[in-house]
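With mature numbering (1 follows the signal peptide of the UniProt record, and there is no 0) applied, the sequence shown covers -21 to -1, 1 to 191. Glycine included, every Cβ here is placed at the ideal spot set by N, Cα and C. Data block below; observations after.
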Amino acid sequence: MKMILPGILLVLSCLIPITGGTDDVTQQWYYTQMSQNVVPPYKEAYTTLQQKVLNPLLTNVNTTNDTAVSQLVSSLTCSIQNLDDQLTTAVNESQKLRIQIDQNVVEAVAAVSAKMSPKEQQITAKQGEIHTKTTEIQGVQNQLTTAEQGLRDKQQGLADAENALRIAQEKVEEAKKCITGRRKKRWLGSIWNPIRDTITKPIQEILRPVQD
């Protein structure tokens, strides 16, 4: 029973009448399709499940005779196959009905569109264009926000690098006061090379994308 009810509920959800469509798309049409094509295989499946599967199982639940058990298994195998076939038929008919409903909806919408005045059609088209443009603008705004965040990150990196350079320059100036001659020149060279590699070059890398 639990296997069948969801399928029946799914099909019953298709019974919502469509207003404003063609004349043959009516509630009576749905009931006719259901009663002729969908409900019968579901009823057969329910009968098979109840009378050919569940009842024999309950009746012979305590059977220990090998012959009786063998006959029960054979009967159940056949009944379950029939049950599967009936459920498959019911599902297929449900799908066919759903496809027909979708087609009826398309035809109903087309009929409504055909009755629209040229002015109404123009308004509908413009609304579609506005929606498209709005989506495009939102995309550009998102890109702009990302670019602005990237620029702020680079500016912060530049400020950090400039601060590090200033501190290094102060240390160099202090060293100049204490060192003279060739020793001074060699010492300044040993100071400048790391500064150039770790500070000056990164600043240039940061400035290049910002300037572009």
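### Query
According to the neighbour-count rule (16 or more other Cβ atoms, all chains shown, within 10 Å of its Cβ), is T27 buried or exposed?
buried
### Query
By the 10 Å Cβ neighbour count, where 16 or more other Cβ atoms means buried, how is E115 classified, buried or exposed?
exposed
### Query
What do you get for K163, buried or exposed, if any count of 16 or more other CB atoms within 10 angstroms of its CB means buried?
In this prediction, K163 scores a pLDDT of 48, lower than 50, which makes its location untrustworthy; the coordinate-derived value is nonetheless stated afterwards. With fewer than 16 Cβ atoms within 10 Å of its Cβ, K163 is classed as exposed.
### Query
Is the distance from the Cβ of V32 to the Cβ of L51 below 8 Å?
no
### Spatially closest choice to N71 from A24, N16, Y9 and E127, by CA coordinates
N16
### Query
Leaving out the 5 sequence neighbours to the left and right, which residues in its chain are closer than 7 Å to A24 when beta-carbon positions are compared?
I(-18), L62, Q65, L66 and A69
#### Entry: Which of helix, strand or coil DSSP assigns to N16
helix
#### Entry: Sufficient close CB pairs (3 or more, under 8 Å) joining the stretch 33 to 42 to the stretch 80 to 94
no
### Query
I think Q6 touches L76, with their Cβ atoms under 8 Å apart; what is that distance to the nearest whole Å?
Contact doesn't hold; Cβ gap of about 14 Å is too wide.
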